[in-house]
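Going by numbering that gives the first Met the number 0, 7 is the number at position 8 of the sequence shown; the sequence numbering is gapless. One structure is given below, encoded as C-alpha cells.
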Amino acid sequence: MKKLILMALIALPMGLFAQQKFAHVNSAEIIQALPEYTKAQTDLQALGKQYEDELMRMQTELQTKSEDFEKNEATLPDAVKQRRQQELQDLYQRFTQYQQTSQQEFGKAQQAKMAEITEKVSAAIKAVGNEGGYVYVMDVTAGIPFINETISKNVTAEVKAKLGL
0 MKKLILMALI ALPMGLFAQQ KFAHVNSAEI IQALPEYTKA QTDLQALGKQ
50 YEDELMRMQT ELQTKSEDFE KNEATLPDAV KQRRQQELQD LYQRFTQYQQ
100 TSQQEFGKAQ QAKMAEITEK VSAAIKAVGN EGGYVYVMDV TAGIPFINET
150 ISKNVTAEVK AKLGL
C-alpha cells in the first residue's frame with residue numbers, strides 16, 4: 000500500500016508536468032527582421048560616423064600643430080615655446096575627453112534604441128505565450144544549453160506574425 004501511494008505521488012506531478020505546454024523563440028531572428036532594427040542600425044552608424052569624423056579632425060589638428068612645434072621649437076623664444084606646449088597639452092586633453100565622451104554617448108544611444116525594440120518583441124512574446132497557454136516561452140538566444148523540441152513548440156513565426164512581419 001505504501002508503494003502504491005508513493006508511486007501515485009511520484010506519477011501525479013509527472014502527469015501534470017506532461018500536460019504543460021512549453022515553447023521557445025529566437026528573439027535575435029525576430030529583432031533583426033524588424034524595420035525598427037534596420038533603422039536603429041542606420042542611425043547608430045551615422046552617429047558613429049559623426050563621432051569618428053570629429054575625432055579624426057581633432058587628431059589631424061593635434062598632429063599638425065605638434066609637427067609644426069617640433070619643426071620650429073629650436074628657434075622659438077622660451078615664452079612662446081611654453082605657450083605652444085601648453086596649447087598642445089590642452090588640445091590632447093580635449094581630444095581624449097571627447098573620445099571618452101563620444102564612446103559613452105554612443106553606448107547610451109545604442110542602449111536606448113535597442114531597449115525600445117526589445118520591449119516591443121518582449122510584449123509580443125508575452126502575448127503569444129498567453130494566447131497559446133504556454134507555461135514558459137524560452138529564448139534560445141539566451142544561451143539555454145538544451146531545449147527538447149519534441150515537447151517545446153517554436154513560436155518564432157507566431158511572434159513575427161504578431162509584430163506584422
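Every residue gets a Cβ at the ideal spot worked out from N, C-alpha and C, and that includes glycine.
> With distances taken between CB atoms, is the gap from Ile124 to Ser26 smaller than 9 Å?
Replying inline: yes
Should Thr149 be labelled buried (16 or more other beta-carbon atoms within 10 Å of its own) or exposed?
exposed
Check your understanding: Can you tell me the Cα-Cα spacing of Leu3 and Val136, whole angstroms?
Key -> Model confidence at Leu3 stands at a pLDDT of 44, short of 50, so the residue's coordinates are unreliable and nothing is read from them.
Discussion item. In whole angstroms, give me the CA-to-CA distance for Lys38 and Leu54.
Written reply: 24 Å
- Query: Under 9 Å, do Val127 and Val158 count as touching if we go by C-beta distance?
  - Reply: yes
- Under 8 Å by Cβ, that's how I've got Arg83 and Phe68 pegged, so tell me the actual separation to the nearest angstrom. 5 Å
### Task
Might you give, ordered along the chain, the residues of its own chain that have their beta carbon closer than 7 Å to the beta carbon of Ile143, omitting 5 neighbours on each side?
Met137
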